[in-house]
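Student: Numbering (the working numbering), first residue to last: 2 to 301. We treat Cβ as the ideally placed atom computed from N, Cα and C, and that holds for glycine. These numbers come from a predicted model, not from an experiment. The following block contains the structure, expressed as structure tokens.
Pasting the structure below:
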């Protein structure tokens, strides 16, 4: 599978409306007085087909299940703007998830996000980015979720944790199949002693195979499956005022439609004078016991 990626996707390709503060060429967007060039939103490395194919190979060979860890995929300036917006979220836009296995804060589906977060999710849900994900993962026809169920803004505060788990199999409203999740971390100058590392566990759920610190600008892409065990199971021990922050987005497919497409990909004509249709009509008009007797006599 090959993919030709543009280094600077246009605002229209991201699903963004024209910005009144943009230049006449539409080359940048202004958020809270800071200009972000569209050419800088994604790493220029993505313009190299060889680099993209290298990512695909890394994902296929990754242990304990297919995943990628990429530093510097998104503009640092954009990510800093997103981190600032966490403190501006309304109370009703947060959902506290509290159980024996989890204590986290997440934005609610359809929450009112800030402009920088909206820009990020417009980018990662754009056709441009979906093509990239399909290339590196091998999963075609990915479907996005505009309400970001299970995704959006994630925050773990002091004492919080997320036990080792597998993600949900299907979207709770649409029933679409969960294929993968993309997570980008927003934690500058993170101290490993505070905890919060993302742990990937083996298929039996017995031991950690890889530990990924939640460093600023680090993006993790993980395929979903029955063995995709992950989490950050140890209670966070960060200084006052420091939290573990990230943004996340899930991607889906409709596997039943894929199977149906493979089974029938041509038109079926009602009025088609073929032997097949004649046999079908004859079978419908003949009692089953007589039809079976005729089949034994003719050998068809």
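1. Looking only at its chain, what residues have a beta carbon closer than 7 Å to the beta carbon of residue 68, apart from the 5 residues adjacent to it on each side?
2. Quick check: the Cα distance between residue 140 and residue 134, rounded to an integer number of angstroms?
3. Considering Cα atoms alone, identify which of 118, 183 and 190 is closest to residue 130.
4. Any contact of the stretch 33 to 47 with the stretch 92 to 100, i.e. 3+ C-beta pairs under 8 Å?
5. If you draw a straight line from the alpha carbon of residue 169 to that of residue 71, how long is it in whole angstroms?
6. Rounded to a whole number of angstroms, what is the C-alpha to C-alpha distance between residue 211 and residue 65?
7. Cβ of residue 312 within 8 Å of Cβ of residue 178?
8. According to DSSP, what are the bridge partners of residue 223?
9. Can you have a look at residue 1 and say buried or exposed, based on whether 16 or more other CB atoms are within 10 angstroms of its CB?
10. Secondary structure at residue 23, three-state DSSP: helix, strand or coil?
11. What residues in its chain sit with their C-beta under 7 Å from that of residue 87, if we drop five residues either side in the sequence?
12. Could you give the distance in angstroms between the alpha-carbon of residue 216 and the alpha-carbon of residue 197?
13. Distance check for residue 33 and residue 203, CA to CA, integer angstroms please.
Tutor: With the given structure in hand:
1. Closer than 7 Å at Cβ, skipping near neighbours: 60, 201, 221, 222, 223 and 224.
2. Here the C-alpha atom of residue 140 lies approximately 8 Å from the C-alpha atom of residue 134.
3. Comparing Cα positions, the closest option is 183.
4. With a cut-off of 8 Å, the stretch 92 to 100 and the stretch 33 to 47 do not count as touching, because too few Cβ pairs lie within range.
5. Answer to the nearest angstrom: the Cα atoms are 24 Å apart.
6. Answer to the nearest angstrom: the Cα atoms are 8 Å apart.
7. Past the edges of the chain, shown from 2 to 301, lies residue 312, and the structure says nothing about it.
8. For residue 223, which the question treats as bridged, DSSP gives the partners 68 and 182.
9. Nothing can be reported for residue 1: it is not among the residues displayed for the chain, which extend from 2 to 301.
10. For residue 23, the pLDDT reaches just 40, beneath the cut-off of 50, and the residue's location in the model is therefore unreliable, although a value from the coordinates is still provided. Residue 23 falls in the coil class under three-state DSSP.
11. Excluding five sequence positions before and after residue 87, the CB atoms of its chain that fall closer than 7 Å to its own CB belong to 154, 156 and 246, given in chain order.
12. When rounded, the distance between both Cα atoms is 10 Å.
13. Computed Cα separation, rounded: 44 Å.
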